[in-house]
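Engineer: For the sequence shown, the working numbering begins at -18 and goes up steadily by one. By construction, the Cβ of each residue, glycine as well, lies at the ideal position given by its N, Cα and C atoms.
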Amino acid sequence: MDLGGGMFLKGISKNVDVGFLTLLESLNFCKVGQNLKCPKWPIWVIGIESHYTVLFALDPSVQEENELELRESQIRRAFDARDQSGGGGFITVEAFHQVAQETNIRLPIKKLDDICATGFIVWSELWQVILELDQNLGGIKDATGLMGKKVFDIYHFNGIAKSDINGGGQAMAVEGGMVPMQRPRLTKLNVSVPPKWTPEEYMTCALPPSSSEKDSEVNQPKPVQHAPLVDCIRTRWSRAACSWSGDPPSIVWRMLYYEKA
-18 MDLGGGMFLK GISKNVDVGF LTLLESLNFC KVGQNLKCPK WPIWVIGIES
32 HYTVLFALDP SVQEENELEL RESQIRRAFD ARDQSGGGGF ITVEAFHQVA
82 QETNIRLPIK KLDDICATGF IVWSELWQVI LELDQNLGGI KDATGLMGKK
132 VFDIYHFNGI AKSDINGGGQ AMAVEGGMVP MQRPRLTKLN VSVPPKWTPE
182 EYMTCALPPS SSEKDSEVNQ PKPVQHAPLV DCIRTRWSRA ACSWSGDPPS
232 IVWRMLYYEK A
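#1: Can you list, in chain order, the residues of its chain with a C-beta nearer than 7 Å to that of Pro23? Leave out the 5 residues immediately preceding and following it.
#2: Measuring straight from C-alpha to C-alpha, what distance separates Ile232 and Leu4?
#3: Quick one: what does DSSP say Asn85 is sitting in, helix, strand or coil?
#4: Are the CB atoms of Lys12 and Gly0 nearer to each other than 8 Å?
#5: Which of the three DSSP states is assigned to Val205 in this structure?
#6: Evaluate Gly28 with the Cβ neighbour count: other Cβ atoms within 10 Å of its Cβ, from every protein chain shown; 16 or more gives buried, anything less gives exposed.
#7: Count the other CB atoms within 10 Å of the CB of Val205; is the residue buried (16 or more) or exposed (fewer)?
#8: Note down the Cα distance separating Lys(-9) from Phe71, rounded to an integer number of angstroms.
#9: Do Cys213 and Asn171 count as a contact pair if the criterion is CB distance below 8 Å?
#10: Determine the direct distance from the alpha carbon of Lys21 to that of Pro230, and round the result to whole angstroms.
#11: With DSSP run on the structure shown, which of helix, strand or coil describes Gly227?
#12: Quick one: is the Cβ of Leu17 within less than 7 Å of any heavy atom of the ligand FMN?
#13: Please state if the CB of Thr84 and the CB of Ile56 are separated by a distance shorter than 8 Å.
#14: Using a 10 Å radius around the Cβ and a threshold of 16 neighbouring Cβ atoms, would you call Val132 buried or exposed?
#15: From the DSSP output, in three-state form, read off Phe1 for me.
#16: Could you give the first and the last residue of the continuous alpha helix (DSSP H) run that contains Arg255?
#17: For Thr216, which of Phe10, Gly(-15), Gln109 and Ser226 has the nearest alpha-carbon?
Encoded structure:
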C-alpha cells in the first residue's frame, strides 16, 4: 500500500513459525494477513492495545483445510494478487477475467453480465456467486451445508497472575482471613467451526435425531460462551463457537486491578 512520500506499507510476505491475532481486527481497526493467521506451528500471540497472551493447539491439524477450503483459498489469492485498491476488496473486469481463467471459474452468461455490470468486481459479491455456483463450474456450492465442519480443542495462556473469580481455586491465608491465590491461567477451549460457505440458516438447525435417548444426551452441543478472546479466534476461524469450563479466558490485563479493588 502506497502511503505517499515514498513510504509503502507491506505485509508479511512469507510463512512464519508463530502467528499473530488481535482483538483490534475484530473491531475493524486493522487487518492481519494470512501468513500471520496460518503459521507453521499452531501457536498465536494474541495482542490487545496493552498486553499479549498466547493461544495454541496441541494438534497441528487444526490448521488443515479440506478440499473446498483449499479451493476458496486459491480463488482468494488470485483475487488479492490483482487487487490494486489498497485492500478495498475489488478488481477490474479485466483482472476478473484473469482470475476466472487462472482458477477455472466458468460463470453462466447472465451471472457474468450481472457481476461485471459496474465495471468493478467486489470480493463479497463474487464470493456470493461462487457459493451458489456448482462445483463442476468452479464454485463451491454445498447443498447440505454440512461439509467441512471442524471441532477441536485449543488452549489459551495468560501469564499475568489472576484470582479465581468463581471461588474454585486455591486460597492463601493472610492477616484477617483467606484470599484467592493469584496465579497465571491456562484455559482449554472447545471450538466448533462451521464451513465458511455454510448458509446462516444451517447454523441454527438442530442435530439430527439419534437412535436412543442416551445417544441424544451425548450428542447435545455444548453451550456457546463468549469472551473477547472468542472475537480474536473468529478472525482466524470465522463464526467459531467456543465453550470452556470455569472462568472465561481473559486477555485484558486491566481486569487484574478490578479484582484487587
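Structural biologist: On the basis of the supplied data:
#1: The answer, listed in chain order, is Phe37, Ala38, Pro41, Val43 and Gln44.
#2: One C-alpha to the other measures close to 9 Å.
#3: In the structure shown, Asn85 sits in coil (DSSP, three-state: anything other than H, G, I, E or B).
#4: no
#5: Of the three classes helix, strand and coil, the one that applies to Val205 here is coil, per DSSP.
#6: Residue environment analysis places Gly28 among the buried positions, since at least 16 neighbouring C-beta atoms fall within 10 angstroms of its C-beta.
#7: exposed
#8: 18 Å
#9: no
#10: 24 Å
#11: coil
#12: The ligand content of the structure shown is nil, which means the ligand FMN is not present either.
#13: Yes, Cβ-Cβ distance for Ile56 and Thr84 is below 8 Å.
#14: exposed
#15: strand
#16: Since the displayed the chain opens at -18 and closes at 242, residue 255 lies outside it and no answer follows.
#17: With distances taken between Cα atoms, Thr216 lies closest to Phe10.
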